[in-house]
Amino acid sequence: MECREYNEKPYFIVASVEMGNTTTKCILTGVNLETGMCYVINKTVSMSRDVRPPRPGEEIFGRTLDGTELTRESVTELVRDTLIKCHKDAKLDIKKDLDFVVRSTGVVAAMDSPDQVGDFIIALANGCLEAGVPPKKMTPPMSKMNQAQKLQPFSFADRVNFSGAVAGVVPPQGTTGVEMVANEMEGELAMAGIKEGAKWTPVDFRNPCISIDFGTTLDGRITSPVDPKSTNPFAKTIGNFCGLAGAIPDAIVKGTGLVNEKNGTALDIFGEKSRLSAAIGSRKSSDVVNSYVDRCHDLISVELVPKERKRYGMVPVYAEVAMESGVALIGVDAGTNGTNLAKLGEIGKEIITKYSLPVLNEVIDHVCSRMALRMIDVVHELGMIYPETSIGFTGRAAISGKKPEYILQGIIDRKLFQNPVDHVVFVDDGLARGAALMGRCMNSLGKPDKPIGGMRGGKCIMSRRIAIGR
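Spelled out as structure tokens, the structure:
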């Protein structure tokens with residue numbers, strides 16, 4: 029007989045519905061409300077390029093980075109089918125067992141401005157509705173009495189209000205949170221997910237922190253320290269990341285001829301682990317790898333986004349609004365909006381022609397890790413790394429292969445912290461974990477003895493939040 033803990037104990041089950049440029053996922057997570065720990069229950073992943081083509085009469089309202097055309101109807105159907113399959117495989121009932129759904133997208137390249145992401149989120153919501161998700165499971169409850177009976181003993185909804193802060197951080201001040209960069213919500217979820225994932229490690233990943241999501245596109249946040257004496261217990265968002273991330277290694281492998289040159293990805297060759305058994309041990313091989321990494325980075329820019337830019341790394345931005353709001357917008361690009369991606373493909377072709385797949389793998393790991401370290405350098409130059417800062421990474425272009433080793437070593441070499449290992453984490457499924465945490469925040473399901481908001485080394489901020497609400 030099958031015995032599942034989330035059937036026996038109080039669990040808050042959240043579905044994260046993510047449509048990215050490379051993959052579309054439904055990841056089911058369960059939070060044990062007695063312990064506050066989050067578990068991945070099931071994961072269903074499909075390639076976004078496999079979405080059905082537009083039918084006559086349908087309006088194309090978006091494109092992935094590789095040019096796959098999307099309509100509201102095709103996105104709705106893909107989300108519906110993915111959501112239903114994920115629950116069926118996990119033997120869960122959408123109407124009875126699911127507590128909350130969070131939708132997000134990184135497909136922003138074809139949008140003209142950041143605020144258009146709202147249309148895409150509506151298409152995702154329609155997919156959830158067609159799968160049978162009740163509307164009330166996609167919005168915060170009006171009161172504690174509106175919550176499911178199993179959640180009420182763990183809810184603080186009668187003592188605190190959901191103010192829009194997630195994981196103890198408020199969106200960029202003076203804006204709605206989506207005006208500066210189109211994938212702001214993904215950055216928020218990644219930050220929350222890294223904070224949750226860090227609970228499984230000895231690292232106290234609370235504010236101030238730097239959260240970086242290396243999906244196909246780049247997103248993430250920089251948060252401020254929190255004055256323990258201030259009546260406002262929340263950290264501010266003082267920086268955002270945007271641009272290209274996994275799209276850069278994807279461009280390199282597209283030139284090899286080993287994948288489809290239009291919509292192939294590094295995942296097609298290396299999978300999610302991205303670690304080949306062959307070692308690059310000799311000095312000569314190391315020099316070869318370094319020379320190719322240097323050539324790739326000559327084509328990659330990592331910088332504070334110039335205020336006149338409306339798009340950076342193909343991602344719509346309002347750089348001027350960010351600058352006026354005091355938010356640092358840090359971007360990664362290859363040329364201008366990806367104009368150098370084809371040149372990166374030529375380097376990939378040369379590597380695979382002259383050398384081998386392990387050499388290509390090693391080059392990609394070093395290219396991605398150097399991108400991450402260059403971003404850290406920019407943040408450091410802006411004076412946004414404090415003694416208490418923690419740095420977290422999620423996404424395939426940062427946590428697969430040897431990338432974590434190279435990134436950690438680079439941070440150690442920079443001497444930013446006395447004990448760097450206590451300040452750096454790498455988390456899988458950051459967006460899904462973030463969705464679970466966002467659902468908890470919206471439902472006021474805090475765990476004061478395992479705080480996620482507040483300052484590193486400090487107390488839970490629940491009492492200060494209750495005081496504000498009086």
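So that you can map any letter, position 65 of the sequence shown is 93 in this note's numbering, and since no number is skipped, the others follow by simple counting.
Even glycine gets a Cβ: it sits at the ideal position worked out from N, Cα and C.
At a cut-off of 3 residues, the continuous stretches assigned as beta strand (DSSP E) that sit fully inside the segment 112-152 are 128-133. Rounded to whole angstroms, the separation of the alpha carbons of residue 269 and residue 243 is 12 Å. By the Cβ rule, the segment 69-78 counts as touching the segment 86-106, because three or more pairs are nearer than 8 Å. Shown here, residue 347 sits in a helix according to DSSP, grouped into three states. The three-state reading of DSSP puts residue 102 in helix, counting H, G and I together.
In the DSSP annotation of this structure, the continuous segment of the alpha helix (DSSP H) that includes residue 213 starts and ends at 212-225. Here the segment 82-91 does not lie against the segment 238-254, with fewer than 3 beta-carbon pairs under 8 Å apart. Comparing C-alpha distances from residue 326 to each of 368, 424 and 348 shows the shortest one belongs to 368.
By the Cβ criterion, the segment 472-482 is in contact with the segment 184-196, since at least three pairs of Cβ atoms, one from each stretch, lie closer than 8 Å. For residue 71, the enclosing beta strand (DSSP E) stretches over residues 66-75. Boundaries of the beta strand (DSSP E) around residue 47: 39-47. An exposed status is given to residue 315, since fewer than 16 other beta-carbon atoms sit within 10 Å of its beta-carbon. Taking 8 Å as the cut-off, the beta carbon of residue 384 is found no closer than this to the beta carbon of residue 431. Taking C-alpha positions only, residue 361 is separated from residue 272 by approximately 6 Å. Straight-line measurement puts the Cα of residue 137 at about 5 Å from the Cα of residue 342. By the Cβ criterion, the segment 413-431 is in contact with the segment 387-401, since at least three pairs of Cβ atoms, one from each stretch, lie closer than 8 Å. Residue 362 has 328 as its beta-bridge partners, per DSSP. 424 is the residue among 467, 424 and 481 whose C-alpha sits nearest the C-alpha of residue 457. Taking C-alpha positions only, residue 45 is separated from residue 144 by approximately 18 Å. Residue pairing from DSSP places residue 270 in a beta bridge opposite 247 and 359.
Straight across, the Cα-Cα distance linking residue 148 with residue 296 is about 26 Å. Taking the C-beta atoms as reference points, residue 453 is found no nearer than 8 Å to residue 281.
Fewer than three beta-carbon pairs drawn from the segment 483-490 and the segment 46-58 are found closer than 8 Å, and the two stretches are therefore not classed as touching.
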